[in-house]
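Residue numbers (the working numbering): 161 to 509.
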Ligand code: 13P
Ligand code: SF4
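As structure tokens, this is what we get:
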């Protein structure tokens, strides 16, 4: 990717991207999905990008897969499919378009490429990483196997392709407990999220051992803060992601993946909800749930926020940022992801 000024100059030479109330009006149907959280003046800036991206998507026969942490203008404006990591991994196996633009972090783009090697997978910003994926390498997995011989390795999808390739199976926040329970043997190694592992350990009869990684977004929440909030406002429902500490999870009324969180709020419609996860989650569902007031605090994922309309447009325009994975790594990594999908489907029926 060129530096941001070069990128802007290239886009300005090919597209009219000036803020435009006319473009905002032409995309009113899209804007209505986020008008509680995005001011019209901002939408007038976003709309020319949304129009250009959606046009280019059709020309390139591309689809945009967006994670639930994308900002509203991406989530509602240009994504063809949105979901949690498990939904995105499954969707990557089903896509028929020639090009997948992954709006999320790098490990998600790798998963799409692993599951669909013949497609072009574009990452709008290759630097959009993840503190969990960066915390462990294939060598770390080997160290854990040496410490616990014979134990199955269950790696969170928030890992590089190299780590997936040396794992027995993957898991996501949506299916971690089922995957651990499906492993043979009494001891299961979970990498790299110590808090997801500890939260699963509290629910399974298996002995779970873990790598000491953590998510820089979710580890910031404390049980004391949540308790204080609830005391000041007893009506609030606290809904947490399992990357939070077990103490935070113990304070929550519900814990689940980003999809499970969205489903829970839709099903229960509490008058006030605190989503103990990334800030865009509440913003993305705010218009669908006008009866729910979303309480702060929330925390931003600096990696997810590296994905912008400008970078998505540039990726589609230049067809740069293509994700490549050594086939010798991709093949065993695919086995671990596919095994996860198969176990999830078997447990769901
Ligand atoms: P989900 O699989 O629940 O969407 O979580 C992904 C993630 O990175 C959360 O921080
Ligand atoms: Fe990684 Fe945490 Fe960001 Fe999710 S929120 S992508 S786990 S750093």
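Just so it is clear, CB atoms sit at the ideal spot from N, CA and C, and this is done for glycine as well. All values derive from a computational prediction rather than experimental measurement.
Cβ-heavy atom distance, residue i to ligand 1, below 7 Å
i           : result
residue 266 : no
residue 334 : yes
residue 440 : no
residue 401 : yes
residue 244 : yes
residue 227 : yes
residue 415 : no
Buried versus exposed call for residue i [16 or more other C-beta atoms within 10 Å across all chains shown]
i           : result
residue 164 : exposed
residue 226 : buried
residue 162 : exposed
residue 479 : exposed
residue 353 : buried
residue 423 : exposed
residue 441 : buried
Start-to-end residues for the alpha helix (DSSP H) that takes in residue i
i           : result
residue 205 : 200 to 220
residue 418 : 418 to 428
residue 287 : Run containing residue 287: none; DSSP gives neither H nor E here.
residue 491 : 487 to 508
residue 483 : First-last for residue 483: undefined, no H or E at that position.
residue 234 : 232 to 235
Under the three-state DSSP convention, the category residue i falls into
i           : result
residue 510 : It is not possible to answer for residue 510, since the shown part of the chain is limited to 161 through 509.
residue 335 : coil
residue 193 : coil
residue 408 : helix
residue 350 : strand
residue 459 : strand
residue 373 : strand
residue 467 : coil
Residues bridged to residue i (per DSSP)
i           : result
residue 251 : DSSP lists no partner for residue 251.
residue 368 : 348
residue 227 : 243
residue 265 : DSSP output for residue 265 lists no bridge partner at all.
residue 330 : 315
Limits of the unbroken beta strand (DSSP E) element including residue i
i           : result
residue 453 : 453 to 455
residue 397 : 397 to 400
residue 433 : 432 to 436
Residue i: CB within 7 Å of a non-hydrogen atom of ligand 2
i           : result
residue 219 : no
residue 292 : yes
residue 404 : no
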